[in-house]
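Asker: Residue numbers (the working numbering): 16 to 243. Quick reminder that beta carbons are idealized off the backbone N, C-alpha and C, glycines included. Questions regarding the structure given below will be posed in turn.
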Amino acid sequence: FIPTEDGLNDIDCERFPLATGYADVLGALSALYGEEQEYRTVVLDSLDWLERLILAEVCAKRGVESIEDIGYGKGYVFALTQWREVIEGLDALRNDRGMQVILIAHAAIEKFANPETDTYDRYVPRLQKHASALVQEWCDEVLFATYRVHTRQTDEGFARKRVQGIGTGERIVRTTERPAHVAKNRLNLPDEIPLDYRVYAAFVRGENPLAAIDTETTPTTTPEQEGA
């Protein structure tokens, strides 16, 4: 893991020290590329906290306190230089070292002005739009992890209705874009799969995903053990 936010304290995993500056992230990528190591997966957690480090780097180079001080929208365009440096480093790990790359981002809700319909809300990565577009274009898969939820409407009388969200806590992954969220995949995945790495890895290898989650016969595996 290359952590840019402090959220791995209760997770047993190999990780670099918390990145507190943009140079720390580049240093971690360089170490993975140049040093002897047998890791097969690198996880950058998370992109939206990495964006804070990138914007701080841009501000430091431009001698300003806020990205908005550079000029309307210009700072975010300048930041694409740093984003491309990170992507180049990840590309090198994937292509030259054979590593699987996983990028984690939190979700945000944005207004989407669809030219064919009325404007509606959808989930997107919590990144500035230019950075989000760049990262999504580079990724082979953009997967939206969420909980399965449905709603129930009850009549409270006097023409009042109450809508209640209901869920079981079941975690799922959406793999294709829908009005409610962005997503894509180049693996011909089903529109929805369980949030279980074993299932994803089975699809990648062309195996039976149901067998992958048979916990009585299949031990739990990690991304490093599976590879993809």
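What first and last residue would you give for the beta strand (DSSP E) that runs through Gln115?
Answerer: Segment Gln115 to Ile119, the beta strand (DSSP E) holding Gln115.
Asker: What three-state label does DSSP hand Gln52 in the structure shown?
Answerer: Correct three-state label for Gln52: coil.
Asker: As a quick exercise: from Arg67, Ala128 and His121, pick the residue whose alpha carbon is nearest that of Asp136.
Answerer: Of the listed residues, the one whose Cα sits closest to Asp136 is Ala128.
Asker: Can you pull the DSSP bridge partners for Leu59?
Answerer: In DSSP, Leu59 forms a bridge with Ile17 and Leu118.
Asker: Out of Val92, Arg112 and His165, which has the shortest C-alpha to C-alpha gap to Gln52?
Answerer: The candidate whose alpha carbon is nearest that of Gln52 is Arg112.
Asker: For Thr237, is the classification buried or exposed, using 16 other Cβ atoms within 10 angstroms of its Cβ as the cut-off for buried?
Answerer: Only weak support exists for where Thr237 lies, its pLDDT of 47 falling under 50; the value from the coordinates is given anyway. By the neighbour-count rule (16 or more Cβ atoms within 10 Å), Thr237 is not buried but exposed.
Asker: How about Cys154: is its Cβ closer than 7 Å to a heavy atom in the ligand GDP?
Answerer: With respect to the ligand GDP, the structure offers nothing, as it holds no ligand at all.
Asker: Where Glu185 and Pro224 are concerned, what is the direct C-alpha to C-alpha distance, given to the nearest angstrom?
Answerer: Roughly 17 Å separates the two Cα atoms.
Asker: Cβ of Pro205 within 8 Å of Cβ of Ile187?
Answerer: No. Outside cutoff.
Asker: Could you say which of Lys144, Arg189, Gly221 and Ala195 lies nearest to Val92 if we only look at CA atoms?
Answerer: Selected option, being the one with the closest Cα: Lys144.
Asker: Rounding to the nearest angstrom, what Cα-Cα distance links Pro130 and Leu68 in this structure?
Answerer: Going by the C-alpha atoms only, they are around 35 Å apart.
Asker: Could you check how far apart the C-beta atoms of Tyr54 and Met114 are, in whole angstroms? I think they sit under 8 Å.
Answerer: The Cβ separation is near 7 Å, so the contact holds.
Asker: For Gln168, which option in Ala226, Lys89, Gly90 and Gly180 has the closest C-alpha, if you only look at C-alpha atoms?
Answerer: Taking only the C-alpha atoms, the option nearest Gln168 is Gly180.
Asker: Just verifying my parser: in three-state terms, what is the DSSP assignment at Val157?
Answerer: Residue state, collapsed to three classes: strand.
Asker: How about Asp155 and Arg201: do their beta carbons lie closer than 8 Å?
Answerer: Yes. Within cutoff.
Asker: Does the Cβ-Cβ distance between Ala34 and Thr19 come in under 8 Å?
Answerer: Contact: yes.
Asker: Whose C-beta lies closer than 7 Å to the C-beta of Tyr215 among residues of the same chain, with five residues either side of it excluded?
Answerer: Ile208.
Asker: Expressed to the nearest angstrom, what Euclidean distance is found between the alpha-carbon atoms of Glu80 and Val178?
Answerer: About 44 Å.
Asker: Could you pull out every residue in the same chain whose Cβ sits closer than 8 Å to the Cβ of Ser147, ignoring the five residues on either side in sequence?
Answerer: Excluding positions up to five away in sequence, the list reads Val139 and Pro140.
Asker: Answer with buried or exposed for Ile26, where buried requires no fewer than 16 other C-beta atoms within 10 angstroms of its C-beta.
Answerer: Answer is exposed; the Cβ neighbour count stays below 16.
Asker: Please state the DSSP three-state secondary structure of Ile102.
Answerer: It is helical.
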